[in-house]
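Have a look at the structure below, then the notes.
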Amino acid sequence: MNDLIPLMVIVPIIAAILLNLFIKYNTTIKILSFLVAIVLPIIPILSNYGLHYFGGHAPLMDNGTLLNSLPSYISDGPLSTFHIGITYSFESLQKILIFFLFVVGFLCIFTTIGERKRTPGSYMFLMLMGLAAVTAMLLSDDIFHMYIFFEIAVVAQVGIILASTDNQRYEIAMKYMILGSIGGPILLTGIGFLLGLVGSVNITDIVYVVRNGLVNANSPVFLFSFGLIFFGWLYSVGLPPFHTIKSAVYSKAVPSGSALLQALSVVIFISLGIAIFRIYSSVPFIGVFIIFFSLCGMILSLTMAIMENDFKRMIGFLAVGELGYIGLGFGLGTKLSLTAALFQGLNEMIITATLFIGFGVVLYMTKTSDITKLGGLIEKNPKIAIIVLLGGFAMAGVPPLNGFQSKLMLVQSALSDNFPELAVIMILISIVTFMTFIKAFHSVYLKPKPKNLVIENSDVPRSSVLVMVVLIAICIVLGVVPTLVTDGFSGFVGGLI
Amino acid sequence: MIDTQLAALLSSGSFIIIGLYAAVFIDNIIKKIIGLSFIEEGANMFLIALAYRTDGVVPIFLPGMTPEWFASNSAYPLPHALVLTSIVIGASTLAVMLAIAMVLYRKHGSLSASVILGDKHE
Amino acid sequence: MIEYVVMIVGVLGSILALVQRDLLKAAILTGITGGCIAFLFQILLAPDVALTQAIVGAAIVPVFLAITIHKTKRVGEDD
Chain A
0 MNDLIPLMVI VPIIAAILLN LFIKYNTTIK ILSFLVAIVL PIIPILSNYG LHYFGGHAPL
60 MDNGTLLNSL PSYISDGPLS TFHIGITYSF ESLQKILIFF LFVVGFLCIF TTIGERKRTP
120 GSYMFLMLMG LAAVTAMLLS DDIFHMYIFF EIAVVAQVGI ILASTDNQRY EIAMKYMILG
180 SIGGPILLTG IGFLLGLVGS VNITDIVYVV RNGLVNANSP VFLFSFGLIF FGWLYSVGLP
240 PFHTIKSAVY SKAVPSGSAL LQALSVVIFI SLGIAIFRIY SSVPFIGVFI IFFSLCGMIL
300 SLTMAIMEND FKRMIGFLAV GELGYIGLGF GLGTKLSLTA ALFQGLNEMI ITATLFIGFG
360 VVLYMTKTSD ITKLGGLIEK NPKIAIIVLL GGFAMAGVPP LNGFQSKLML VQSALSDNFP
420 ELAVIMILIS IVTFMTFIKA FHSVYLKPKP KNLVIENSDV PRSSVLVMVV LIAICIVLGV
480 VPTLVTDGFS GFVGGLI
Chain B
0 MIDTQLAALL SSGSFIIIGL YAAVFIDNII KKIIGLSFIE EGANMFLIAL AYRTDGVVPI
60 FLPGMTPEWF ASNSAYPLPH ALVLTSIVIG ASTLAVMLAI AMVLYRKHGS LSASVILGDK
120 HE
Chain C
0 MIEYVVMIVG VLGSILALVQ RDLLKAAILT GITGGCIAFL FQILLAPDVA LTQAIVGAAI
60 VPVFLAITIH KTKRVGEDD
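Next comes the structure, spelled out in structure tokens:
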């Protein structure tokens with residue numbers, strides 16, 4: 000059933016527009032967004048692997064009657080393999096990632112419905128638009144299509160920041176927009192150079208042309224386009240020099256929004272990263288570039304996380320630091336490391352969602368995020384404390400949780416690729432991550448309760464607890480049986496290299 | 000005399016550079032946003048200039064043209080389709096930025112980026 | 000020949016827009032640059048894009064800017 004592939008993008012967009020129409024009816028919004036969110040994860044399960052050509056524009060190769068009517072310089076040349084329309088490709092990677100993305104999206108929407116009495120329709124609109132945009136980026140085989148949906152995702156992310164109640168949200172949103180308006184056109188210029196070289200924006204066509212030597216892969220234009228697209232990628236994923244703004248973005252949104260923002264960033268990271276990896280795999284030192292920026296990102300964000308006193312910002316920096324692991328996997332560029340990177344990306348989506356929502360409960364109860372003013376919350380709700388601790392264990396890579404499996408694979412791939420230094424650095428960073436997390440956990444839950452701490456809402460919304468239990472259950476299942484997803488990932492990576 | 004395509008590429012480059020300069024160095028937030036719109040327009044013009052063909056025709060297939068003649072004389076229409084989308088996206092991001100700038104002005108009473116986006120939140 | 004003149008006017012307009020102290024003048028000059036770019040699109044064999052750019056670049060963007068300036072303040076600080 001290949002016809003289901005575009006539905007993954009169309010359904011959330013239509014739902015978002017409908018929500019915007021019914022913005023005044025609270026119950027309608029609740030029911031509609033809940034229904035849509037529950038339907039979304041089912042679509043990727045039901046649909047089959049394959050390609051979807053928009054408007055039925057298959058490559059000329061697949062259309063015999065049209066091909067025979069064309070002159071021979073088209074029908075015999077590489078032009079006959081080019082993709083004419085926009086193509087969506089749905090393979091094992093897309094199936095797994097989109098399923099988990101929609102699950103995280105469903106849980107975030109569910110948390111929002113549970114936490115607030117009046118569900119804001121515009122917020123639901125933005126969440127669904129963000130989900131649709133990154134899904135399109137992941138599915139699309141067309142680098143310009145990716146750029147368009149990347150811009151839509153940026154606007155949706157900005158909207159999610161603005162929907163919070165934080166004092167500084169407008170400033171952060173403005174900064175993110177300004178950087179985005181520089182990064183976006185630069186990405187577009189890079190795409191323009193590629194288009195000028197190849198004459199097509201379809202990634203498969205570009206790869207075909209570069210592999211077969213039809214354009215010079217060492218020409219300065221090609222390298223320049225790599226630089227421009229790489230810059231856009233750095234901006235979109237929050238590697239240095241953009242790690243500060245990205246973590247600020249996470250810390251300003253409402254917790255369920257931050258959980259979704261991290262999921263969106265991970266998917267943007269993976270989809271653009273795979274595009275760059277496929278097109279520019281022949282560029283010398285590409286691995287070194289990616290490893291360098293990823294390492295910088297991890298180290299800089301960790302040092303900033305250690306110094307923070309605000310647990311929202313701390314988790315934000317930790318989340319950005321974790322993104323560096325995916326970059327390391329891409330930089331190493333072997334089959335094992337790429338599989339590990341994709342698996343790590345999936346794990347991050349789930350783990351950081353747990354942590355954001357878990358610490359969001361603390362914020363909901365106490366209305367403060369300053370760890371010097373908090374303490375002793377373990378007496379109030381030990382269950383949530385244990386779930387958050389499990390989330391921290393998963394992030395740091397403690398067996399048998401999922402973070403352990405993916406980090407083990409990354410370390411193994413670094414060792415088998417003769418980079419023992421990278422393996423050591425990864426383990427060290429993982430230890431420091433755990434230390435930082437424990438510092439936050441200790442000061443929020445374990446240390447004696449300060450006298451002037453007022454607990455304003457002692458009843459935690461049941462939906463948040465349920466969501467966290469589901470997320471941790473996914474963590475444990477993926478940690479015990481990682482082959483559930485790694486088989487699919489390694490199958491996809493096998494086709495990539 | 001340099002040819003039209005090269006001149007268009009050069010002017011698109013100068014739009015991008017002027018816009019980058021404004022976005023980075025000018026303090027007024029409205030002018031920063033104007034600069035960002037210049038970057039966007041420069042990138043669009045770069046794509047259109049790539050598609051240009053000297054002494055070519057507009058890529059509309061009119062009666063009386065043979066496909067071979069059309070293929071070797073028309074401009075490349077793919078970038079045109081891309082730029083149409085890109086213009087609209089640029090205008091909408093501009094509108095979002097201006098809306099945020101209005102809220103920020105109401106909050107701080109100033110349009111200076113160093114005041115509005117200052118280091119207070121760090 | 001006319002295209003070179005339009006290009007120079009467009010680039011000059013963008014520079015002039017950024018050095019104005021009066022923000023409303025800057026918005027109008029942005030419109031002039033947008034119009035010049037629309038005209039250039041016409042010369043560069045993209046009449047369909049030129050239509051969109053003429054509406055967006057020469058009308059919508061300056062109006063958005065003018066509304067913002069009306070709601071905030073007209074004269075920018077020194078820069």
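Here the protein sequences come in this chain order: A, B and C. Heads up: the first sequence at position 438 corresponds to 437 in numbering that gives the first Met the number 0, and the numbers run straight through without jumps. Heads up: the second sequence at position 89 corresponds to 88 in numbering that gives the first Met the number 0, and the numbers run straight through without jumps. Heads up: the third sequence at position 61 corresponds to 60 in numbering that gives the first Met the number 0, and the numbers run straight through without jumps. Positions of the beta carbon are idealized from the N, C-alpha and C atoms, including for glycine.
Per DSSP, the bridge partner or partners of residue i
| i | result |
| --- | --- |
| L294 (chain A) | None, per the DSSP bridge assignment. |
| N27 (chain B) | B:S111 |
| D21 (chain C) | C:V74 |
| S73 (chain B) | B:V56 |
| N451 (chain A) | Note: N451 (chain A) sits in no beta bridge, so no partner. |
| D309 (chain A) | A:D369 |
Alpha carbon of residue i to alpha carbon of residue j, nearest angstrom
| i | j | result |
| --- | --- | --- |
| N19 (chain A) | T353 (chain A) | 29 Å |
| N346 (chain A) | P254 (chain A) | 18 Å |
| E121 (chain B) | E170 (chain A) | Only weak support is given to the placement of E121 (chain B): the predicted model assigns it a pLDDT of 37, under 50, and the value that follows is read from those uncertain coordinates. Between E121 (chain B) and E170 (chain A), the C-alpha separation is close to 11 Å. |
| V60 (chain C) | S88 (chain A) | 37 Å |
| I17 (chain B) | P447 (chain A) | 57 Å |
| Q19 (chain C) | S224 (chain A) | 34 Å |
| K372 (chain A) | S250 (chain A) | 18 Å |
| R277 (chain A) | V208 (chain A) | 12 Å |
| A384 (chain A) | V287 (chain A) | 40 Å |
| L61 (chain B) | Q343 (chain A) | 54 Å |
| F292 (chain A) | K70 (chain C) | 42 Å |
| L103 (chain B) | R168 (chain A) | 10 Å |
| V10 (chain A) | V35 (chain A) | 8 Å |
| V423 (chain A) | N217 (chain A) | 34 Å |
| I108 (chain A) | A393 (chain A) | 23 Å |
| L97 (chain B) | I28 (chain B) | 9 Å |
| I454 (chain A) | I112 (chain A) | 22 Å |
| R107 (chain C) | L23 (chain C) | Past the boundaries of the shown model lies residue 107 (chain C); chain C is included only from 0 to 78, so the question cannot be answered. |
| L194 (chain A) | R105 (chain B) | 43 Å |
| L470 (chain A) | I349 (chain A) | 6 Å |
| L483 (chain A) | D416 (chain A) | 25 Å |
| V206 (chain A) | S280 (chain A) | 9 Å |
| I144 (chain C) | C35 (chain C) | The first residue shown for chain C is 0 and the last is 78, placing residue 144 (chain C) beyond what the model contains. |
| I290 (chain A) | S46 (chain A) | 35 Å |
DSSP-derived helix/strand/coil call for residue i
| i | result |
| --- | --- |
| F89 (chain A) | strand |
| I14 (chain C) | helix |
| D2 (chain B) | coil |
| A116 (chain B) | Per the sequence shown, residue 116 (chain B) should be read as Leu rather than Ala. DSSP places L116 (chain B) in coil when its eight states are reduced to three. |
| S551 (chain A) | Look at the range of chain A in this structure, 0 to 496, and you will see that residue 551 (chain A) is not part of it. |
| L50 (chain A) | strand |
| N1 (chain A) | helix |
| S163 (chain A) | coil |
| N43 (chain B) | helix |
| N201 (chain A) | strand |
| D369 (chain A) | strand |
| E139 (chain A) | Residue identity differs from the one stated: residue 139 (chain A) is Ser in this sequence, not Glu. Three-state DSSP puts S139 (chain A) in a strand. |
| D416 (chain A) | coil |
| I426 (chain A) | helix |
| E497 (chain A) | Examination of residue 497 (chain A) is not possible in this model, given that chain A is present from 0 through 496 alone. |
| Y20 (chain B) | helix |
| K438 (chain A) | helix |
| I38 (chain B) | helix |
| V459 (chain A) | coil |
| T134 (chain A) | helix |
| R115 (chain A) | coil |
Residue i beta carbon near the ligand PLP (any heavy atom closer than 8 Å)
| i | result |
| --- | --- |
| E67 (chain B) | The model on display carries no ligand, and the ligand PLP is accordingly not part of it. |
Within 8 Å, do at least three Cβ pairs link the region 144-158 of chain A to the region 123-133 of chain A?
Flag = yes, the region 123-133 of chain A and the region 144-158 of chain A touch.
Counting Cβ pairs closer than 8 Å, one from the region 38-46 of chain B and one from the region 32-48 of chain C, do we hit at least three?
Touching, yes.
Hey, which unbroken runs of the beta strand (DSSP E) at 3 residues or more fall wholly within the region 231-268 of chain A?
Runs found: none.
Any 3 or more C-beta pairs closer than 8 Å across the region 364-383 of chain A and the region 314-321 of chain A
Short answer: they don't touch.
Using a Cβ-Cβ cutoff of 7 Å, what residues of the region 104-116 of chain B are near chain F? List them in chain order.
Among the protein chains of the structure shown, namely A, B and C, there is no chain F.
For a minimum of 4 consecutive residues, which ranges assigned as the alpha helix (DSSP H) are wholly contained in the region 9-79 of chain A?
Runs found: 25-38, 41-45, 63-67, 71-74.
Touch test, the region 78-93 of chain A against the region 194-208 of chain A, Cβ-Cβ under 8 Å, three pairs minimum
The region 78-93 of chain A vs the region 194-208 of chain A: in contact.
Taking one C-beta from the region 324-339 of chain A and one from the region 478-494 of chain A each time, how about it: are there three or more such pairs within less than 8 Å?
Contact holds: three or more Cβ-Cβ distances are below 8 Å.
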